[in-house]
Structures are given as C-alpha cells and as structure tokens.
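Trainee: Can you read through this structure? Questions will come right after.
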Amino acid sequence: MMAHVWNQIRPPWFEAMTDFVDPLLQITSDTVSSAVESGATMYQAMALTLSCLSLLWDCVHPVLRKIADLLQNYMPFNVVPLHQSCLLQIVVNALYTKFLNDSQALAKNKVCVDKDKVRQKISVTSAEASYQSKDEILLAVAEALCSVDEDNKHTDQIEEFLENAKNTDKVTSALDRIESTSQMADLLVSDILMTDNGKCSLKTLFHFIKGNKEWIYQQLGVSGDKSRVQEASRSKPAQLSLTHTMFHIGYHKFDELLTGECKPHWLNLLQAPMGLRPEKVWSHLSSRWDFRNAYSSNLPAHQNEIISYISSLFKQYVK
C-alpha cells in the first residue's frame with residue numbers, strides 16, 4: 001500500500017509530526033515558486049526543492065529524525081513511503097500541504113481575468129507548460145512532489161538529503177552544531193545587527209570590552225598586570241579627561257618614541273609586508289625633483305653630497 005502524498009486525510013499524530021517541518025516551508029515555497037516564474041522546468045524545481053531541504057535542515061528539530069526512525073522500524077511491510085523513507089514522506093507531505101494551501105489562498109484572492117483569454121492546461125510532466133499565475137505554479141509544484149522519487153530522476157539528491165539529515169543528528173554538542181553551520185550563523189548575526197536592538201547590543205558589548213579590557217586579559221591569561229585581580233564592574237568605559245585627550249593618541253602617549261618608552265625594531269618595521277619596504281621608500285624619494293636632478297648646479301654642494309649618500313644606500317633599487 002503506497003503512502004500517497006496527495007491524501008490530506010491524516011490522523012492528528014501525523015499532522016503533529018509535519019509541524020516540525022514548518023521552519024523550512026515558507027522559504028522553500030518562495031524560492032521554488034520564484035524559480036518557476038523565472039522559467040525553471042519542473043525537473044529543476046524538484047531539484048531546487050531537495051537542495052533547499054538539505055541546506056536548511058539544521059532549522060528542523062532533531063526529534064523529527066528520531067520519530068521517523070521509530071516509525072521506520074515498526075512500519076508494516078505493506079506500507080511503502082516515498083523512497084522507502086518515513087522521513088522523506090513526512091517532509092514531502094508537509095511541503096505538499098504548504099504548496100496546496102498557498103495555491104488555494106492565492107486563487108481566492110486572484111482578480112478574474114478575461115474569460116476569452118485562452119489558458120493552457122497545467123501539465124506537470126511537460127517542460128513546455130506555461131503558468132498564468134502564481135497559484136497555478138504552486139499547484140503544479142505540489143502535484144510534482146507526489147512523484148518526486150519516480151524514474152530515479154532525483155535519486156542522488158534524495159540520498160544526499162537523507163544522509164545529511166542522518167549526519168546532522170550525529171553532532172555531539174550544541175557548539176559543534178553551530179560550527180558546522182557557520183554560514184547560517186553569519187546570516188542570522190547579520191540580520192540581528194541590522195535591527196535597532198542589535199545595534200544597541202553591539203554598542204553595549206563594545207563599551208564593556210573597552211571598559212574591562214584588563215579583566216578580559218586576565219581571563220585569557222595574557223595580562224601583564226598579575227599583581228591584583230581585576231573585576232568586571234564597568235559596563236561603560238570611564239570618560240577620558242581633556243588633558244588625557246590632548247597628550248595621548250588613543251591610550252598611548254604622543255611622545256613615547258621621544259622619551260624612549262616605546263622602542264620598536266625599526267629594521268623589522270621597515271621590512272614588514274604591510275610596512276615601508278626599501279623599494280617603496282625609494283619610489284617616493286626618486287620622485288622628488290632634487291633626486292631626479294642630482295648634481296644640479298642649482299643645489300648647494302652639501303645637498304648634493306646628501307643626495308649622493310642616500311642614493312648609494314638604495315643603489316640596488318636605482319633603475
């Protein structure tokens with residue numbers, strides 16, 4: 001006995017299982033319908049549907065997989081789900097209901113078109129079918145879902161989806177689950193930071209880090225001040241005095257190079273990839289008029305000597 005996708009007469013316990021798929025339904029419906037509107041064939045629409053399921057499966061509660069496995073173990077031999085998979089049957093049933101309900105809702109609100117207009121009959125098996133409205137597209141996709149596993153057209157994608165769902169449930173901790181979906185985390189963070197609450201939270205976090213940096217250093221074990229234990233008490237950095245602002249660049253004294261407090265390794269600094277390399281220094285010097293006109297009679301003798309000495313230092317870069 002086949003478990004028909006189109007059969008909407010379902011027991012309450014089965015309807016409860018399809019609710020776990022809700023996070024995938026709306027975005028999958030919008031993505032697939034937009035693709036068909038843009039000219040995608042029904043074969044491409046089914047492939048896109050399976051891709052959406054694989055990419056967004058992390059949004060589904062892991063208990064759905066456990067329920068599907070339990071049903072798979074105790075299912076009577078005369079019941080045949082889609083692709084021999086209870087999980088796929090549940091997901092496709094939920095998608096079919098979503099497409100069907102959206103199609104019916106749009107059809108009720110659709111403005112009546114001219115009755116004399118010839119409209120081609122919908123055919124889910126023909127790549128040449130044209131759809132006059134979005135409700136027809138959704139209905140056609142819903143009907144195509146009923147035979148998504150026929151003729152082995154999408155066998156590889158179905159197997160990939162089922163394997164992805166299986167591997168997702170093997171994640172041992174919440175941290176590993178988040179790390180395995182870094183792209184989704186980036187999208188969610190970007191969406192949050194674009195809201196007013198997100199911007200306010202980011203500003204609060206910045207102030208906390210700025211006002212309690214020594215405490216953070218101690219927690220990380222990289223603090224230079226180990227004499228006393230700092231406490232994270234300030235949610236906002238202390239206001240800097242005008243005198244501090246006048247004589248500091250950020251938190252560094254403006255004259256620390258002159259007083260010798262800061263002793264950078266100049267050779268490494270000048271040869272750093274993002275610093276001043278000898279080639280770059282010479283490119284700036286050689287563009288000066290006095291270097292381009294060395295030993296000019298318009299220059300004093302001591303300046304010519306300086307130019308000659310500097311040029312000798314960069315002689316390997318002189319072209």
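Take the sequence shown: its letters are residues 1 to 319, numbered as in full-length UniProt numbering.
Idealized CB from N, CA, C, for every residue including glycine.
1. What residues are listed by DSSP as bridge partners for Lys253?
2. Which residues mark the beginning and the end of the alpha helix (DSSP H) in which Ile9 is found?
3. At the level of alpha carbons, what is the spacing between Ile122 and Ala140?
4. Would you call Cys52 buried or exposed, if buried means 16 or more other Cβ atoms sit within 10 Å of its Cβ?
5. Are Leu95 and Leu145 closer than 7 Å when you measure CB to CB?
6. How far does the alpha helix (DSSP H) with Arg277 in it extend, from its first residue to its last?
7. Check whether the Cβ atoms of Asp19 and Leu82 sit closer than 7 Å, and answer yes or no.
8. Report buried or exposed for Asp135, applying the criterion of at least 16 other Cβ atoms within 10 angstroms of its Cβ.
9. Could you tell me the distance, in whole angstroms, from the CA atom of Leu162 to the CA atom of Gly39?
10. Expressed to the nearest angstrom, what Euclidean distance is found between the alpha-carbon atoms of Ser286 and Ser54?
11. Can we say the region 60 to 69 touches the region 84 to 92, given the rule of at least three CB pairs closer than 8 Å?
12. Are Leu138 and Ser34 touching if we call contact CB-CB under 7 Å?
13. Hey, how far is the Cα of Val92 from the Cα of Val5?
14. Using DSSP with H/G/I as helix, E/B as strand and the rest coil, what is Gln89?
15. Can you give me the C-alpha to C-alpha distance between Ile249 and Pro62, rounded to a whole angstrom?
16. Taking the alpha-carbon of Lys315 as reference, which of Asn298, Pro278 and Thr31 has the nearest alpha-carbon?
17. For Val9, count the other beta carbons within 10 Å of its own beta carbon; 16 or more makes it buried, fewer makes it exposed. Which is it?
18. Examine the Cβ distances between the region 192 to 204 and the region 214 to 225 and report whether three or more of them are shorter than 8 Å.
19. Using 7 Å as the threshold, is the C-beta distance between Ala47 and Val36 below it?
20. With a threshold of 16 other CB atoms inside 10 Å of the CB of Ala142, please say whether the residue is buried or exposed.
21. Mapping the DSSP letters down to three states, classify Lys263 as helix, strand or coil.
Mentor: The structure says:
1. His248
2. For Ile9, there is no enclosing alpha helix (DSSP H), since its DSSP letter is neither H nor E.
3. Below a pLDDT of 50, predicted positions are generally treated as unreliable, and Ile122, at 41, falls in that range; no measurement from the model is reported.
4. buried
5. yes
6. Run containing Arg277: none; DSSP gives neither H nor E here.
7. no
8. buried
9. 28 Å
10. 60 Å
11. Short answer: they touch.
12. no
13. Cα to Cα, the separation comes out at about 7 Å.
14. helix
15. 52 Å
16. Pro278
17. Here the sequence assigns Ile to residue 9, which means Val is not the residue at that position. Exposed: under 16 other Cβ atoms inside 10 Å.
18. no
19. With contacts defined by Cβ atoms closer than 7 Å, Ala47 and Val36 do not form a contacting pair.
20. buried
21. In the three-state reduction of the DSSP assignment, Lys263 falls in the coil class.
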